[in-house]
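Step one of this worksheet: look at the structure below.
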Amino acid sequence: MADSAINDAFVEFDRVQKSYDGENLVVKDLNLSLPKGEFLTMLGPSGSGKTTCLMMLAGFETATHGEIRLDGREINNIPPHKRGIGMVFQNYALFPHMTIAENLSFPLEVRKFGKSEREAKIKRALDMVEMGSFGSRRPAQLSGGQQQRVALARALVFEPELVLMDEPLGALDKQLREKMQFEITHLAHTLGITTVYVTHDQTEALTMSDRVAVFDDGRIQQLAPPDKLYEEPENSFVAQFIGENNTLEGVVKEINNGVALVQLDGGELIDAKPINVSKPGERTRVSIRPERVEYNKERMQEGAHTLKAEVLEFIYMGDIFRTRLRVAGNDEFVVKTRNAPDQVRLKPGEQIEIGWLPEDCRALDA
Ligand SMILES: Nc1ncnc2c1ncn2[C@@H]1O[C@H](COP(=O)(O)OP(=O)(O)O)[C@@H](O)[C@H]1O
Ligand SMILES: [Mg+2]
């Protein structure tokens, strides 16, 4: 709670739970606060409860328990159109029978803006997404990316302070998706809009967000800025879900001065940073990022911990070498090394020694 409580919170979920059938909780105990202007992403596998959380914030679903607040005011019983929230969804299509300008006019008419004010706002919103000359076209006459830009303009046209986006780029190809990712974050930051963004794509979450809430099974597993999530995962789920990760299983032998001595299942002893293990006898998954592992003796850092390994595969990828190893019984141990003139190239079957710094190695829940 301490982590998620923010004094000047703009959006707050306070002990929120949701059940659709009166039996199973799909959102279990959500505590989350966003300050004004933050870009927060809810990231997690399908079915983890992200859309449900967004729908409760938008007002299309009611919370079974707990309170949702916007700018200090409880909004549980306020209907969607009175919450002043802009929305963009993957399947929340434009109205096909209306022109682009009419599509943008709609949320303004609902909010009782007059004609001249509507025209000025529509022009501004379309210019913002570089669609200024498309006002008189119909959605079917635009490409997928253009339609998505119009959907974004429609969400922003009434100048909401909060915008919710649920997988808005899911239907676009990779190149366009990357361009739109940049445009959305740029617009949100320039306009000072608070954004709650939902995706199952970790790269999208890491590149766009101020903070990311990693969801699994109706709970936030970790809430942190992107670099912290990647470098300091607090549990095995986050370590596995964000980026590539190596795990070695074993048992905690002792914990002294912030260092856990772990006996791997193959018998090897290694040091690791105890994250969510607390006492000897506990099973653990030790986690190490592929780029933190070194096999070049010349480059091995002082204090590095070493283990024997067998090379199973060595792939030249241009900028990096990707090596798959057998380490302590794990055949999927991956090492990534930057391509450099003096970097050693390995061959399958070679027996080598690998090493890493104990602080790069985290003892997590099994
Ligand atoms: N309208 C609904 N009625 C009943 N169950 C639902 C409904 N919407 C979602 N669920 C269930 O709630 C869980 C969470 O779904 P959802 O919030 O859509 O997750 P996500 O967006 O992370 O994929 C899933 O098990 C899903 O089947
Ligand atoms: Mg969803």
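Position one of the sequence shown corresponds to residue 1 (full-length UniProt numbering), numbered consecutively onward. Even for Gly, the Cβ is constructed at its ideal location relative to N, Cα and C.
Flag this pair as yes or no: are the beta carbons of residue i and residue j separated by less than 9 Å?
i           : j           : result
residue 136 : residue 101 : yes
residue 196 : residue 40  : yes
residue 169 : residue 148 : yes
residue 306 : residue 355 : yes
residue 328 : residue 236 : no
residue 9   : residue 45  : no
residue 108 : residue 123 : no
Given the structure, does residue i come close to ligand 2, in the sense that its CB is under 8 Å from one of the ligand's heavy atoms?
i           : result
residue 201 : no
residue 50  : yes
residue 46  : yes
residue 198 : yes
residue 166 : yes
Give the secondary structure of residue i by DSSP, where H, G and I count as helix, E and B as strand, and everything else as coil.
i           : result
residue 116 : helix
residue 274 : strand
residue 81  : helix
residue 250 : strand
residue 89  : strand
residue 178 : helix
residue 269 : strand
residue 2   : Low local confidence applies: a pLDDT of 43 at residue 2 is under 50, so the model's placement there is unreliable, with the coordinate-based value given in what follows. It is coil, neither helix nor strand.
residue 171 : coil
residue 12  : strand
residue 143 : coil
residue 44  : coil
residue 205 : helix
residue 332 : strand
residue 231 : helix
residue 365 : strand
residue 242 : coil
residue 327 : strand
residue 355 : strand
residue 103 : helix
Give me the Cβ distance between residue i and residue j, rounded to the nearest whole Å; I'm assuming they're in contact under 8 Å.
i           : j           : result
residue 311 : residue 349 : 6 Å
residue 94  : residue 153 : So it is not a contact: roughly 10 Å between Cβ atoms.
residue 308 : residue 353 : 6 Å
Could you check if residue i belongs to the surroundings of ligand 1, using beta carbon to heavy atom distance under 8 Å?
i           : result
residue 215 : yes
residue 238 : no
residue 29  : no
residue 218 : yes
residue 26  : yes
Taking only beta-carbon atoms, is residue i less than 9 Å away from chain B?
i           : result
residue 355 : Absence of chain B from the displayed structure is noted, only one protein chain being present.
- State whether the region 274 to 288 contacts the region 348 to 362, with contact taken as three or more CB pairs (one from each stretch) at a distance under 8 Å. At 8 Å Cβ cutoff, the stretches touch.
- Message: Can you confirm whether the region 9 to 18 touches the region 56 to 68 when touching is taken to mean that 3 or more C-beta pairs between the two stretches lie within less than 8 Å?
- Response: Contact between the region 56 to 68 and the region 9 to 18 is present, with at least three C-beta pairs closer than 8 Å.
- Cβ contact check for the region 284 to 292 and the region 234 to 246: 3 or more pairs under 8 Å: Yes: at least three Cβ pairs fall under 8 Å.
- Sufficient close CB pairs (3 or more, under 8 Å) joining the region 218 to 233 to the region 25 to 32: Three or more Cβ pairs drawn from the region 218 to 233 and the region 25 to 32 lie within less than 8 Å of each other, which places the two stretches in contact.
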